[in-house]
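> Attaching a single structure in structure tokens format; questions to follow.
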Amino acid sequence: MPACGSMRVGGERERNISECFSPIKLPRVILRISKRKNKCRNITQQGGRREWRERGIMCYFSDVKNKALLQLLEKTAQCIAKLLKRTPYLHVVQEAHTFRAKGLPRRDNEKRRKKKAVPVLEKIEKHPLQNRWALWFFKNVKSQPWQCNLRLVTTFSTVEDFWGLYTNIQLASKLSSGCDYSIFKDGIEPMWEDSRNKRGGRWLITLSKQQRHSDLDTLWLETLLCLIGEAFEEYSDEVCGAVINIRAKGDKIAIWTRETENREAVTHIGKVYKERLGLSTKVVIGYQAHADTATKSSSLGKNKLVV
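Offset between the sequence shown (1-based) and the working numbering: plus 3.
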């Protein structure tokens, strides 16, 4: 049985995590760096060629329409500016479509681009979440230990960072069979053995194969919004996270809670969750203790509660 730190697993890790993300076309970036107003070096990266010019610290991005990507580029500029102990300024530039054969813009177009520059706020105010959350990705590789197939992708703690992440990963319905997404409070691992999970359980929804392309993504997104929006009010502290399992026989979505014996909290969470998903009153969802599920040969345990 291979160890988690082996080269083979390392390569598998890169493939697993990269499977989560949709490809992004990066724009042409002009980054101006300066320690003082009048002392500046400008790096223009285009087709492997670099140029140096003078000016203040600025970033120019061409054809940036993806808000999440713009925030990523802003963070990069802020990190550089922090090292230089200066404040970054960002400008989005709609570049002219006339280029030289080498791929560099003509000089006569450069003046026009500067005039068309649209300033972006120097500092975008982000909206913090009550908790920091972590995205995990699991892909079942039978030749490896279960823990080696589970990878931490990233963490986020603001509304903007959540949407930036969600819009740039594969939809759950597009994942291959045997894959999981897990969103848990930072510091809690998505496994029964974690000390904050082992006394708890889960509200479980099972979907048919036909629902994968009609309902799965909508229900999963609503589940995530319930978590990060603290929809369960005073009982939100009892929530550990949520998991979506993509399986050939049928997909599953579950919200994990901290303490099975706290029936008042568990019942409240189940009722609110069912209401937020817009499920019919005829639909019954069940709550299972992790301890019961772990002792079963099947992943489906006995329901302790239903709503």
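Virtual Cβ for every residue (Gly too), placed ideally from N, Cα, C. Since the model is a prediction, treat every value here as computed from it, not as a measurement.
(1) Do glutamate 262 and glycine 190 have their CB atoms nearer than 8 Å?
(2) Can you tell me whether aspartate 197 is helix, strand or coil according to DSSP?
(3) Taking 7 Å as the limit between beta carbons, can you name the residues of its chain near valine 242, skipping five residues before and five after?
(4) How long is the line joining the alpha carbons of leucine 224 and isoleucine 127, rounded to whole angstroms?
(5) With distances taken Cα to Cα, identify the nearest neighbour of glycine 253 among Gln291, Glu264 and Ile208.
(6) Using DSSP with H/G/I as helix, E/B as strand and the rest coil, what is serine 251?
(7) For glutamine 291, count neighbouring Cβ atoms within 10 angstroms of its own Cβ and tell me buried if that reaches 16, exposed if not.
(8) Between which two residues does the beta strand (DSSP E) holding isoleucine 231 run?
(9) Starting from the C-beta of leucine 178, find all residues in its chain whose C-beta is less than 6 Å away, skip the five residues before and the five after it, and write them out in chain order.
(10) Mind checking who aspartate 183 pairs with in its DSSP beta bridge?
(11) Let me check understanding here. Comparing Cα to Cα, which of Ala175, His216 and Asn143 lies closest to glycine 181?
(12) Are isoleucine 186 and tryptophan 136 touching if we call contact CB-CB under 8 Å?
(13) Identify which residue in Thr296, Ala297 and Asp164 has its Cα closest to the Cα of leucine 132.
(14) Measuring only the C-alpha atoms, how far is threonine 284 from glutamine 147?
(15) Using a Cβ-Cβ cutoff of less than 7 Å, which residues in the same chain neighbour leucine 124 once the five nearest sequence positions on both sides are dropped?
(16) Work out the CA separation of alanine 297 and leucine 228 for me, nearest whole Å.
(17) Quickly, what does DSSP pair phenylalanine 159 with across the bridge? List them, please.
(18) Tell me whether glycine 167 sits in a helix, a strand or coil according to DSSP, three-state version.
In brief:
(1) no
(2) It is coil, neither helix nor strand.
(3) Leu230, Phe235, Ile258, Thr260 and Ile272
(4) 25 Å
(5) Ile208
(6) Per the sequence shown, the amino acid found at residue 251 is alanine instead of serine. Note: alanine 251 maps to coil in three-state DSSP.
(7) Classification of glutamine 291: buried, given that the 10 Å Cβ count is 16 or more.
(8) Here isoleucine 231 belongs to no beta strand (DSSP E); instead the alpha helix (DSSP H) covers 220 to 231.
(9) Ile249
(10) Bridge partners of aspartate 183: Phe141 and Asn248.
(11) Asn143
(12) yes
(13) Nearest of Thr296, Ala297 and Asp164 to leucine 132, Cα basis: Asp164.
(14) 42 Å
(15) Its pLDDT being 49, under 50, leucine 124 is placed unreliably in this model, and the coordinates cannot settle the point.
(16) The alpha-carbon separation between leucine 228 and alanine 297 amounts to approximately 28 Å.
(17) Trp136
(18) Note: glycine 167 maps to helix in three-state DSSP.
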